[in-house]
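Take a look at the structure below.
In this note's numbering, the protein residues as written are 101 to 1041.
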């Protein structure tokens, strides 16, 4: 249809709406004083506001720019935008112009996988325009034929005088599913679909212009766009949005924001209820302390939840006991008994489409809440395998039909055909029953696991785990279970170990590797890891593992003996159980238990934080928890690294927590178990060793892993005065830990040159050095050090710490070089995400000290010229900071041949210079590194 002047497309009645664009035009006209509030990251009360007329004007200005690029109605536009305000502006510009927006999120830490996903979407959507920020554009991998524009270059034009008038059957929106890389589908939602869903949601939720809604879910999730943004727009309500990190870092902020802004409606995945129940006890204790005149924890004014009418809660099954506890815990703060609404929705149903407005009254005595009744015009049924409707109370596949249901998947007729029954009903893949018109889900017919509201596909997990050494190919299974009363599903991983039956250390190492890999790829821990014989993996005639049958056997007790053996092995390898003594040990044991999903009586005070499963990110979480539960001075990172057990850490805390009184020791034992020759790894140019924490976990029970940390981090420590002093100090510390060879030393980046000098010094003392490793650095570092003045070093440190992005790391040195040092550092912190600064507990004073230390190490490197030789060097090379990988290998790294008496080994590893030990690549890197160590040292089994 042709473009229409704005004044002709504002219907007086919602029933006359024909396109989604009319929602914004109507809201700007009828509700000019309503709008969108944006909470900044780390903020709870301060927000910037954009009225609906202002949002419309901004979108119209951007529409002019998009049209100037030649975009026409029905063209596809991929939105890769992390800022909420800029996302909504581009999103509405697309709808006003008749373009079809498709939200997208990046694949972090894995350039190859990210490039594959971009290439797939580029093909799937017929060559769309990708709109992103300048900063994110700099991070994009090269994809042939991908058209990219930055939001910054599109802004600032005159408002478009007219908009496209779409028909109800026209495509309005594409939403990508969470399929595996190269296999994501694009759900088609028409204008008619979206408008029908708005009418249905409004009929159930009954919002008005007097309401205020709150959302913290990212916009690639259909509930954020439709439930939390378009619905309040449809009714003229005010809406408030916050980044997900604001809530995930501290769940109680969810209720504080609701209280401070007098929110009346919100949506949240139901996994948040469990942490909120845990926080209720601490909140009550803080208030009791305040009433008693004691100093209360930070948290502000008393909660007032009296304005909140309902919380739509979905994502996975709602546990009745959890929901009831939540309502009871926060009733003293004004929360209504009827405020929690369990709900069901999918991308294909335009988000929420079935609501239980009668919880908990209709759910007494049940484990899981029913999901209620469908919205207006939506029909539901449960059907058998032949798609015949089943009578009430019988279990079958949930199928849906109505005007808000997608027509299918864009450019994917095969997937579309599979998604619908012969008589046109959409197949949800969920199993359920209908009693008195109310839906209850009982499981899924698709192989996936839902953890904390996020769907993870079993086959993706299995493919990653089968890359681990000692896991038999085709014998990894990922499936869900749910403990009675649990708030969420738990992940079970079953593998067949390729280790000798009597190799207890090898089995324990495998269990640790599986757990670490899941944590680093997907961010949560498996509840159970089951090492099973091959015959315990039921298979189809085509070799497909029958995961549902394995779940049934697990939940009927068929693997209880395996679970008991794993628990006994784990306890024994951790040194047995020792109970806590004293208040500090008890609190720390509780914190460890909460972090690792264990009962407090399962946490021995002698077990290492890292052996229990702690990662580098967990160190930051632990420090926050200790500060909140025990108060006192900040807990330094080195305290956790060098005193990782409950008993050791309690002694450090009770002694004041400061490492200043402890003599400097560069050796940090990240993993002390194992009979093989220890590995000593030297820090990169920033001096810190957190980068090795995740790598060291794969060495458990195999060989000790020691990291060497620079001097100068702790109060009163003098940084090294020369390269020679640093090397001599490290050699002395290594020999104090391991008096005689054979030795194994390696270094990451800058540390590679230090490791080479350590090897030379040890050999000069008559010791044998059987392994020298360089992680992606040539012997000549002076030329790189000469490039790094103070501002370059500080900017690289900020990039290394994820305070800035790659583009900023390239642009900022030139912009900041003329400023005084303190202003340079202050600017880097000003633009850093507040949440990341809080994670690192980093302020200007601490960042300045770290930057000065890193700059000092850089200065030492400027005077370094490699001389002499060692026996041989194993060089692990990844994508360099600049140039091609082949040029890097041929022209820089192979210069190690000048400094060895025997042939060197050059080992290609996945990832880039800064990501080769990151979450996506560490599992592959550790396998390569351990194999090379075994080969060089001759102590492999």
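Yeah, the Cβ is synthetic: ideal placement off N, Cα and C, and Gly gets one too. Predicted model, so just to flag it, every value in this text is computed and none were measured.
- The DSSP assignment places 479–483, 496–501, 526–535, 538–544 as complete runs of the beta strand (DSSP E) inside the segment 466–546, in order along the chain (cut-off: 3 residues).
- For the pair residue 315 and residue 724, the Cα-to-Cα distance works out to about 25 Å.
- A contact between stretches requires three or more CB pairs, one per stretch, nearer than 8 Å, and the segment 291–308 meets this requirement with the segment 473–481.
- If you ignore the 5 residues before and after residue 434, its C-beta comes within less than 7 Å of the C-beta of 404, 405, 406, all in its own chain and listed in chain order.
- As a beta-bridge residue in DSSP terms, residue 977 pairs with 1008.
- Taking a cut-off of 8 Å on C-beta distances, the segment 767–775 does not touch the segment 930–949, as fewer than three cross pairs fall below it.
- At the C-beta level, residue 234 and residue 252 come within 8 Å of one another.
- The DSSP assignment places complete beta strand (DSSP E) segments of no fewer than 3 residues inside the segment 590–639 at 590–597, 628–631, in order along the chain.
- Around the CB of residue 913, 16 or more other CB atoms lie within 10 Å, so the residue is classed as buried.
- Residue 159 and residue 792 have their C-alpha atoms roughly 46 Å apart.
- The beta-carbon distance between residue 297 and residue 326, rounded to whole angstroms, is 6 Å. This is short enough to meet the 8 Å contact definition.
- Around the Cβ of residue 685, a 10 Å sphere holds 16 or more other Cβ atoms; the residue is buried.
- If you look at residue 771, you'll find it in the beta strand (DSSP E) that goes 767–771.
- When DSSP states are grouped into helix, strand and coil, residue 149 belongs to the strand group.
- Distances from the alpha-carbon of residue 380 to those of 840, 350, 524 put 350 closest.
- Beta-bridge annotation (DSSP): residue 176 is paired with 200.
- The C-beta separation of residue 637 from residue 600 comes to about 20 Å, leaving the pair out of contact by the 8 Å criterion.
- Here the C-alpha atom of residue 441 lies approximately 45 Å from the C-alpha atom of residue 1016.
- Counting along the chain, the unbroken alpha helix (DSSP H) around residue 689 starts and ends at 682–695.
- Taken through DSSP and simplified to helix, strand or coil, residue 367 comes out as strand.
- Of all alpha-carbon atoms in 859, 873, 874, the one lying nearest the alpha-carbon of residue 867 is that of 859.
- Nearest in C-alpha terms to residue 811, of all of 865, 826, 185, is 826.
- Classified as exposed, residue 308 has fewer than 16 neighbouring CB atoms from the shown chains inside 10 Å of its CB.
- For residue 776, the number of other beta carbons within 10 angstroms of its own is at least 16, and it is reported as buried.
- Taking one beta carbon from each stretch, the segment 354–368 and the segment 412–419 have 3 or more pairs nearer than 8 Å; the two touch.
- Excluding sequence positions up to five before and after residue 905, its CB lies within less than 8 Å of the CB of 235, 236, 238, 239, 899, all in the same chain and listed in chain order.
- 387 is the residue among 387, 722, 330 whose C-alpha sits nearest the C-alpha of residue 432.
- DSSP places residue 990 inside the alpha helix (DSSP H), whose first and last residues are 985–991.
- With distances taken between CA atoms, residue 1034 lies nearest to 802 out of 865, 802, 976, 893.
- Where residue 315 is concerned, there is no enclosing alpha helix (DSSP H), although the beta strand (DSSP E) around it starts and stops at 312–315.
- By the C-beta criterion, the segment 220–232 is judged to be in contact with the segment 173–181, since at least 3 inter-stretch pairs fall below 8 Å.
- For residue 217, the three-state secondary structure derived from DSSP is helix.
- Around the beta carbon of residue 633, fewer than 16 other beta carbons lie within 10 angstroms, which makes this residue exposed.
- Cβ neighbours of residue 264 within its own chain (closer than 6 Å, five residues either side excluded): 103, 173, 197, 198.
- Membership of residue 338 in the beta strand (DSSP E) is indicated by the continuous run 338–341.
- Going by DSSP, residue 347 is part of the alpha helix (DSSP H) stretching over 344–349.
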